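Participant: Please read through the structure below; I'll follow up with questions.
Residue numbers (our numbering): 69 to 245.
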């Protein structure tokens, strides 16, 4: 299912912004954000620790349909955080834009969703994973990952943002209703 969120420009007009009020720049179209979310680039996931403190970690993330997917060792801090409090923020920096997705991440275990995530990880990163029960297995993982197998979390977006590094588009907000 494709989702087309409500888009709005974030007014950048003001002293020091480098964009004047008469600029002909437009907000970034949602497909531009999706393309960046599916780039072979590192992402960062911010989660909430049990004491309410933030936790941020780099990881692979992919976008498929209307959701983001991340994988994590089920004993990792980010996995434990998402299990306790689903609020999270996923960020990446691709093609002169910072893209940020705020939402909720829940662990998935159904075979169809795991296969979709596995196929997306292969397509984006060339990372060959296979569904093994309610986890993804792989012949290798990041040195700091704890090694396979991995739990998969599906992030349902609530709000997303894109901020240009250069004057190529207006700062943009998307709301998922």
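Just so you know, even glycine gets a beta-carbon here, dropped at the ideal spot from N, CA and C.
Because the structure is a prediction, the values reported are computed rather than measured.
Should residue 100 be listed as close to the ligand NAP, given that the test is whether its C-beta is under 6 Å from any heavy atom?
Facilitator: Summarising the ligand content, the structure contains no ligands, and the ligand NAP is consequently not present.
Participant: Just verifying my parser: in three-state terms, what is the DSSP assignment at residue 175?
Facilitator: Strand at residue 175.
Participant: With a threshold of 8 Å on Cβ separation, who are the neighbours of residue 258 within its own chain once the five nearest residues in sequence on each side are excluded?
Facilitator: In the structure as shown, the chain begins at 69 and stops at 245. Residue 258 is therefore absent and cannot be evaluated.
Participant: Tell me the residue span of the beta strand (DSSP E) that contains residue 242.
Facilitator: It spans 240-243 - the beta strand (DSSP E) in which residue 242 sits, taken as one unbroken run.
Participant: From residue 183 to residue 123, what distance separates their C-alpha atoms?
Facilitator: Residue 183 and residue 123: Cα-Cα distance of roughly 28 Å.
Participant: Whose C-beta lies closer than 6 Å to the C-beta of residue 176 among residues of the same chain, with five residues either side of it excluded?
Facilitator: Correct list, in chain order: 220 and 222.
Participant: Where do the N-terminal and C-terminal ends of the beta strand (DSSP E) with residue 202 fall, by residue?
Facilitator: No beta strand (DSSP E) contains residue 202, which DSSP labels as neither H nor E.
Participant: In the DSSP output, what is residue 127 paired with across the bridge?
Facilitator: BP columns for residue 127 point to 111.
Participant: Under a Cβ-count criterion, where at least 16 other Cβ atoms within 10 Å of its own Cβ denotes burial, should residue 260 be classed as buried or exposed?
Facilitator: The question about residue 260 has no answer, for the chain in this structure spans 69 to 245.
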